[in-house]
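Visitor: Attaching a single structure in structure tokens format; questions to follow.
Residue numbers (the UniProt record's numbering): 1 to 158.
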């Protein structure tokens, strides 16, 4: 039953994801059956390809597992955006540990090796308290990633 619900939610979110990608000029590959989403864009400073990959297993009950990769699919410092800030973006979701630090990324939770041991229940990802980034749909998550990428001064390694 869970797989049916997951697929139904992913199918329902697909039009918003594709519409967002068209507006933002990102390339998105979305596989509801395989439960993956891959979104590619160009880093605004380094002009290199940055690929954001989401493992959607368990979504929406638990948040996706987001990673940042290079054009070849490798997780590498040369692809991971540095944190940056600007007006309207006081902090960054891009963490020094090369992960997207947000309650909507399960890799940020301590149980998955992330820095947030205070985020203990994956199923409560939409209600994490405090001044954290909020994104309740995949299109919202992509929008938050794009907003933070626009403030990134470069990548973790040249």
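Note that the Cβ used here is the ideal one computed from N, Cα and C, for glycine as well.
Keep in mind it's a predicted model, so treat the numbers as computed, not measured.
1. Pick helix, strand or coil for residue 95, following the three-state DSSP scheme.
2. Leaving aside the five residues before and after residue 125 along the sequence, list all residues of the same chain whose C-beta is less than 7 Å from its C-beta, in chain order.
3. What number of angstroms, rounded off, separates the C-alpha of residue 18 from the C-alpha of residue 27?
4. Within 10 angstroms of its Cβ, does residue 117 collect 16 or more other Cβ (buried), or is it exposed?
5. Quick one: give me the first and last residue of the beta strand (DSSP E) that residue 143 is part of.
6. Shortest alpha-carbon distance to residue 151 belongs to which of 82, 120, 134?
7. How should residue 85 be labelled, buried or exposed, when 16 other C-beta atoms within 10 angstroms of its C-beta is the threshold for buried?
8. Compute the Euclidean distance between the alpha carbons of residue 153 and residue 100, then round it to the nearest angstrom.
Guide: With the given structure in hand:
1. strand
2. 62, 63, 103, 104
3. 9 Å
4. exposed
5. Per DSSP, residue 143 belongs to no beta strand (DSSP E); it is in the alpha helix (DSSP H), 138-150.
6. 82
7. exposed
8. 16 Å
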